[in-house]
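Here the structure comes first, spelled out in structure tokens, and everything after it is commentary.
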Amino acid sequence: MYSYEDRIKAVKLYIKYDLSVADTIRELGYPTRNALIKWYKEYKEKGDLHTDYEREPKFSREQKQKAVDYYLEHGRCIRRTVRVLGYPSRTALMQWIDKLAPGQRKVRITHGDMIQFSEEKKKDAVISLCTRDTSAAVIAEEYGVSRACLYNWKKQLLDKKDENSMVHSKKPNLPDDKDELQAELESLRKQVHKLQLEIDILTKAAEIIKKDLGIDRQNLTNKEKTMVIDALRTRYQLDELLEATGMAKSSYFYQRKAQTQPDKYFMLRSKVRDIFNENRCCYGYRRVHAVLKNEGITCSEKVIRMIMSAEQLIIHGKKKRRYNSYFGEISPAVPNLLARDFHADKPNEKWVTDLTEFQIPAGKVYLSPILDCFDGLVVSWSIGTSPDAELVNSMLDEGVACLSDDEHPILHSDRGGHYRWPGWILRMDTYGLIRSMSKKGCTPDNAACEGFFGTLKTEMFYGRSWEGVSLEQFIKELDCYIRWYNEKRIKMRLGGMSPLVYRRSLGLVA
């Protein structure tokens, strides 16, 4: 019999958290499966449960009266009545007789009509019971008594010492400290169960969320813990799973409900993927956030980082290696005028240049650019299959063509032979440019240009297969990237704008 509060609590828990019938019963400790289903159907049909609970009788009045009449008409034997009719129990039949036919029930008394057994007869029966090679029911029938009566005689006549001496037990006697041994055995069973639970949690974590088996289960997120618990609910109780993972029950049900809710970042995920793919898969979360901000979409950088991590939007790079292109002195070197100060207050004040190589299956390609330290704009560039003087000369001629008459920038380079041969020096003097060189074998002195090469190769060259690509196709692809770098690729230090857009915002170019 359950109160109204107990029944309504069980139904609401079953509905609110969308649990199974078995899980609801396991959580509350009641009721039976059929009772919960019956309560749920009633609540679904009527919107509430009835408050007055009257249990329907198992037997009708006609059945009760029939049993009592049979008892009175056939010798007033309760055992025979129950055996012939198949119902009810002996106790219930005696209650029916006292209610429907008061004073008609046959009562056995200890003296008078009831058969009395002597002490010798009882001892013989007990000895037969203790030394039997058949069932106790056969012994009881032989002496004309019930099995319960036999065991009562045995209890009265024998103490534990006599009983142990008469009964041949197949089980060995337990030692005196059997209670301690049983307690220790139970403790070991609990420890084994706990260890098995921990192993199963780690195994499921490795299987479902791809975690390493050595991970601390306490360091899992609540979402990951919920996934592991749901996978083990059929084998363990919820309370012990929550205790083993260190998770509150309210947090578990919150995560289960949250997993059924639609993804609130669904549209943002699609937008982030599009931005990443449209920009050669080389934008990190800061640049993606800047693009979204420029488009008027407000969100947190942490959200963008979380989405890119979940969507596996990863920028592929390559391990750096030490590179040295120094082959000796050709002409006297000039001082390092920049001294690693690559900041410029206006365009065409400080330029940097260098030469880099791309090796693909079809051959080698070389790039020689000039970068403006003002905003990182690639002022001019030349691409070829040979690192000769013509490569750097054409780059310099094209870059100088963009200067006005009063502009004479510092052009900084390393100590490579291309920038120390007489032809290059003559061109620099003719155009009125100021030479500056890094120290011997010191790439950080030309970090601005080296940084551009690193960005270019990470975003465009590394992580891609160039098998089957001809030299002409690669040169075209490289040229397209540099144009995209100038016109569209945003820079965080420029306020999320590309170099050309930045210059237009300052009114420096049309």
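In full-length UniProt numbering, the protein residues as written are 1 to 510.
Even glycine gets a Cβ: it sits at the ideal position worked out from N, Cα and C.
Inset, instruction - Would you mind working out which of C480, L494, A333 and L500 sits nearest G441, comparing C-alpha positions? - result: Translated into positions along the sequence shown, residue 441 becomes position 441. Comparing Cα positions, the closest option is A333.
Inset, instruction - Taking only the alpha-carbon atoms, compute the straight-line gap between V501 and R287 and give it to the nearest angstrom. - result: Position 501 of the sequence shown holds residue 501. Position 287 of the sequence shown holds residue 287. About 15 Å.
Legend entry - the region 297-309 in contact with the region 489-496 per 3-pair CB rule at 8 Å: no
Inset, instruction - Answer yes or no: do I314 and M306 have a C-beta to C-beta separation smaller than 9 Å? - result: Numbered from its first residue, the sequence shown carries residue 314 at position 314. Numbered from its first residue, the sequence shown carries residue 306 at position 306. No.
Legend entry - Contact the region 274-289 vs the region 477-492: 3+ CB pairs below 8 Å: Touching, yes.
Inset, instruction - Below 7 Å CB to CB, which residues in the same chain sit around Y209 once its five sequence neighbours on both sides are set aside? - result: Position 209 of the sequence shown, counted from the start, is the residue given in the question as residue 209. The question names Tyr, but residue 209 is Ile in the sequence shown. Excluding sequence neighbours, I209 sits near E224 and M227.
Inset, instruction - Can you check DSSP and say which residues form a bridge with E357? - result: Start at 1 with the first residue of the sequence shown, and residue 357 comes out as number 357. E357 pairs with Y366.
Inset, instruction - Specify whether the region 31-51 and the region 70-77 touch according to this definition: at least 3 beta carbon pairs, one from each stretch, less than 8 Å apart. - result: no
Inset, instruction - Please find out if some non-hydrogen atom of the ligand SAM comes closer than 8 Å to the beta-carbon of T430. - result: For the ligand SAM, the structure offers nothing, since it holds no ligand at all.
Legend entry - From Q255, T24 and R435, residue whose alpha carbon lies closest to that of W421: For the purposes of this step, residue 421 is taken as the residue at position 421 of the sequence shown. It is R435.
Legend entry - Through-space distance from D239 to A258, alpha-carbon basis: The sequence position of residue 258 within the sequence shown is 258, counting from 1. The sequence position of residue 239 within the sequence shown is 239, counting from 1. Going from the Cα of A258 to the Cα of D239 covers about 20 Å.
Inset, instruction - For C480, count neighbouring C-beta atoms within 10 Å of its own C-beta (all shown protein chains included) and say buried if the count is 16 or more, exposed if not. - result: Counting from 1 along the sequence shown, the entry for residue 480 is found at position 480. Exposed, since its Cβ has fewer than 16 Cβ neighbours within 10 Å.
Inset, instruction - State the DSSP-derived secondary structure class of S498, mapped to helix, strand or coil. - result: The sequence position of residue 498 within the sequence shown is 498, counting from 1. S498: coil per DSSP, three-state reduction.
Legend entry - Rounded C-alpha distance that separates D372 from L403: Here residue 372 is taken as the residue at index 372 of the sequence shown, counted from 1. Here residue 403 is taken as the residue at index 403 of the sequence shown, counted from 1. For D372 and L403, the distance between alpha carbons rounds to 12 Å.
Inset, instruction - Helix, strand or coil for I297, going by three-state DSSP, please let me know. - result: On the sequence shown, residue 297 is found 297 positions in, with the first residue counted as 1. In the structure shown, I297 sits in coil (DSSP, three-state: anything other than H, G, I, E or B).
Legend entry - Cβ pair count under 8 Å reaching 3, the region 379-394 against the region 410-430: yes
Legend entry - Rounded Cβ spacing between M247 and N222 (contact assumed at less than 8 Å): Locating residue 247 in the sequence shown gives position 247, counting from the first residue. Locating residue 222 in the sequence shown gives position 222, counting from the first residue. About 6 Å separates the two Cβ atoms, so the contact holds.
Legend entry - Residue environment, K64, which counts as buried when at least 16 other CB atoms sit within 10 Å: One-based indexing of the sequence shown puts residue 64 at position 64. Buried is the call here.
Inset, instruction - Quick one: measure Cβ to Cβ for P387 and L355, integer angstroms, because I've assumed they're closer than 8 Å. - result: Counting from 1 along the sequence shown, the entry for residue 387 is found at position 387. Counting from 1 along the sequence shown, the entry for residue 355 is found at position 355. Between L355 and P387 the Cβ distance is about 6 Å, and since that is below 8 Å, they are a contact.
Legend entry - residue 590 - containing beta strand (DSSP E), residue span: What is shown of the chain runs 1 to 510, which leaves residue 590 out entirely.
Legend entry - CB contact flag (F358, F461, <9 Å): To locate residue 358, count along the sequence shown from 1; it is residue 358. To locate residue 461, count along the sequence shown from 1; it is residue 461. For F358 and F461, yes; Cβs fall inside 9 Å.
Legend entry - V272 classed as buried or exposed, judged by whether at least 16 other C-beta atoms fall within 10 angstroms: Within the sequence shown, the letter at position 272 stands for residue 272. Residue environment for V272: buried (at least 16 other C-beta atoms within 10 angstroms of its C-beta).
Inset, instruction - Could you have a look at K170 and say whether DSSP puts it in helix, strand or coil? - result: Here the question's residue 170 lines up with position 170 in the sequence shown. Because K170 carries a pLDDT of 48, less than 50, the predicted location of this residue cannot be relied on, and the following value inherits that uncertainty. Three-state result, K170: coil.
Inset, instruction - Assign S270 to buried or exposed, taking buried as 16 or more other Cβ atoms, counted over all protein chains shown, within 10 Å of its Cβ. - result: Position 270 of the sequence shown holds residue 270. Classification of S270: exposed, given that the 10 Å Cβ count is below 16.
Legend entry - Three-state class that DSSP yields for I314 in the structure shown: As a working mapping, residue 314 is identified with position 314 in the sequence shown. I314 sits in coil when the DSSP states are folded into three classes, being neither helix nor strand.
Inset, instruction - State the Cα-Cα distance for the pair R132 and A125, rounded to the nearest angstrom. - result: As a first step, residue 132 must be located in the sequence shown, where it is residue number 132. As a first step, residue 125 must be located in the sequence shown, where it is residue number 125. Distance between the alpha carbons of R132 and A125 is about 10 Å.
Inset, instruction - Would you identify the three-state DSSP class for D230, choosing helix, strand or coil? - result: Walking along the sequence shown from the start, residue 230 turns up at place 230. Reduced to three states, the DSSP call for D230 is helix.
Legend entry - Three-state secondary structure assigned by DSSP to M437: On the sequence shown, position 437 is the one that residue 437 refers to. DSSP places M437 in strand when its eight states are reduced to three.
Legend entry - Local conformation of L197 per DSSP, three classes: Residue 197 sits at position 197 when you count from the first residue of the sequence shown. Of the three classes helix, strand and coil, the one that applies to L197 here is helix, per DSSP.
Inset, instruction - State the Cα-Cα distance for the pair D445 and V378, rounded to the nearest angstrom. - result: For the purposes of this step, residue 445 is taken as residue 445 along the sequence shown, with counting starting at 1. For the purposes of this step, residue 378 is taken as residue 378 along the sequence shown, with counting starting at 1. Rounded to the nearest whole angstrom, the C-alpha separation of D445 and V378 is 19 Å.
Inset, instruction - Could you tell me which residues DSSP puts in a beta bridge with G246? - result: Taking the first residue of the sequence shown as position 1, residue 246 is located at position 246. In DSSP, G246 forms no bridge with anything.
Inset, instruction - Just tell me which of T443, C449, I199 and D406 has its CA closest to the CA of L433. - result: Stepping through the sequence shown from its first residue, residue 433 is reached at position 433. Of T443, C449, I199 and D406, the residue nearest in Cα terms is D406.
Inset, instruction - Assuming L19 contacts L13 (C-beta within less than 8 Å), just tell me the rounded distance between them. - result: Position 19 of the sequence shown, counted from the first residue, corresponds to residue 19. Position 13 of the sequence shown, counted from the first residue, corresponds to residue 13. Yes, they are in contact, since the Cβ atoms of L19 and L13 sit about 7 Å apart, within 8 Å.
Legend entry - Secondary structure of D479, DSSP reduced to three states: Numbered from 1 along the sequence shown, position 479 holds the residue referred to as residue 479. Helix at D479.
Legend entry - C-beta neighbour in chain D for R189, strict 9 Å: Absent here is chain D; the protein component of the structure consists of one chain.
Legend entry - Distance, E311 Cα to residue 530 Cα: Given a span of 1 to 510 for the chain in the structure shown, any question on residue 530 remains unanswerable.
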